[in-house]
Amino acid sequence: MVFKMFDKNNINEDFERDPYFREFNHGPSPRTPYHPPPHTRRRSFRPPPPPMPPIPVSREDFKELKHFFILSIIIDKEEGINGYQLQEHYNIPRGSMLRSLEELENGEYLKVTETKVEGRDQKIYSISEKGKQYLEHLKEKWANEFATMSDMAPPEVYAHPFTRRPHRVKMMRFIEHCESKEEALDYFRGMRSKLTLSIKRLNFRIENITQIKEELDSVISNIEKMDGLDKKKVKDLVKDVNIKKRHL
942 MVFKMFDKNN INEDFERDPY FREFNHGPSP RTPYHPPPHT RRRSFRPPPP
992 PMPPIPVSRE DFKELKHFFI LSIIIDKEEG INGYQLQEHY NIPRGSMLRS
1042 LEELENGEYL KVTETKVEGR DQKIYSISEK GKQYLEHLKE KWANEFATMS
1092 DMAPPEVYAH PFTRRPHRVK MMRFIEHCES KEEALDYFRG MRSKLTLSIK
1142 RLNFRIENIT QIKEELDSVI SNIEKMDGLD KKKVKDLVKD VNIKKRHL
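Heads up: the sequence shown runs through residues 942 to 1189, numbered per my numbering.
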C-alpha cells in the first residue's frame, strides 16, 4: 500500500483532498454517475399583447358622473341626508364622497344645514333649484350612454336577485341577520316595490318610444313623397315635430 505524503507547498491540497471541494472544482465524484440535465427546447419569443385602449371617459366626465349619482340620491331625500348616511347606505368611498359634496356645495347645487348630533357638528345636504337644473342637464347629456350600457348589460339579466351570485350572497347575508318574520317581509316587499316602480317606468318609456317612432314614420313618409331631396322641407318637418312636442 502506497501512502501519498502531504505536500505543504501545495496550498490547494486540503481542498483537493476534501470530497466536497473536489466535486465542486473537478466535477462529480467518480462513484456518483453523472446525469446531464434534460434537453429543454427554447421557446420562441412572443411579444406581449397590445395595451388595452383607455376608458373613453375623461376626468371631467368622471366627476360629472359622481355628481349625477349623488344628486340623484339627494333629490329623493326631502328631509335631507348627511355624509355618513350617503357613505353607509350607498357604499360611496368617503374621500370621493366628501370631495364631490364640497364641489357641489361650492357650485351652489346643494343647500347645507348644520346641526349638532351628540355634541358634534353635522351637515345635512338637500338639493337646490340650481342643483335640480344641473341634474336635468346631466340626465340629458348621459341619457344615450346609460341607454347603451343598459342594452349591453340588461339589469333584469345581470342584476337578477336570485340567479346572480353577488346579489344572492347579499340576500343570504341579510336573511342570516334577520331577527323576525316582519323584517324579512319588509326586505322582500321592498324589492317587489322597486320592481313594480321599474315596470311603471318601462311602460312609460314604451309609450314615449312608440310616439317617437310614429313621429319618425311621419317624417320618413313625407320625405318619400318628395320628387327630390328638399333640405328646407326636411328641416321644417323636424321643426314641426319639435314645436308639437313643446306644446304637449
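Positions of the beta carbon are idealized from the N, C-alpha and C atoms, including for glycine.
Out of curiosity, what's the CA-to-CA distance linking residue i and residue j?
i: F1145; j: E1081; result: 17 Å
i: R1105; j: E1123; result: 25 Å
i: L1045; j: L1051; result: 6 Å
i: A1125; j: R1133; result: 13 Å
i: T1151; j: L1076; result: 26 Å
i: M1167; j: L1136; result: 47 Å
i: I1015; j: F1087; result: 20 Å
i: W1083; j: D1002; result: 10 Å
Pick from the options: whose alpha carbon is nearest that of residue i?
i: P1096; options: K1052, S1139, K1007, S999; result: S1139
i: K1011; options: T1054, Y1066, E1020, V1058; result: Here the sequence assigns Ile to residue 1011, which means Lys is not the residue at that position. The shortest Cα separation from I1011 among T1054, Y1066, E1020, V1058 belongs to Y1066.
i: Q1074; options: K1111, S1013, D1062, R1187; result: S1013
i: Q1063; options: E1077, I1184, L1039; result: L1039
i: S1159; options: R1142, D1171, V1182, D1168; result: V1182
i: E1020; options: W1083, A1100, I1068; result: I1068
Can you list, in chain order, the residues of its chain with a C-beta nearer than 6 Å to that of residue i? Leave out the 5 residues immediately preceding and following it.
i: I1033; result: L1027
i: L1042; result: none
Put residue i into one of helix, strand or coil per three-state DSSP.
i: I1065; result: strand
i: E1020; result: coil
i: E1055; result: strand
i: F1103; result: coil
i: Y1031; result: helix
i: G1060; result: coil
i: P1095; result: coil
i: K1185; result: helix
Classify residue i as buried or exposed, calling it buried when 16 or more other Cβ atoms lie within 10 Å of its own Cβ.
i: R1048; result: According to the sequence displayed, residue 1048 carries Gly and not Arg. Classification for G1048: exposed.
i: I1022; result: buried
Quick one: residues in its chain with C-beta nearer than 8 Å to the C-beta of residue i, no 5 flanking neighbours on either side, listed in chain order?
i: E1055; result: D1062, Q1063, K1064, I1065
i: V923; result: This structure does not reach residue 923, given that the chain is present from 942 up to 1189, and the question cannot be answered.
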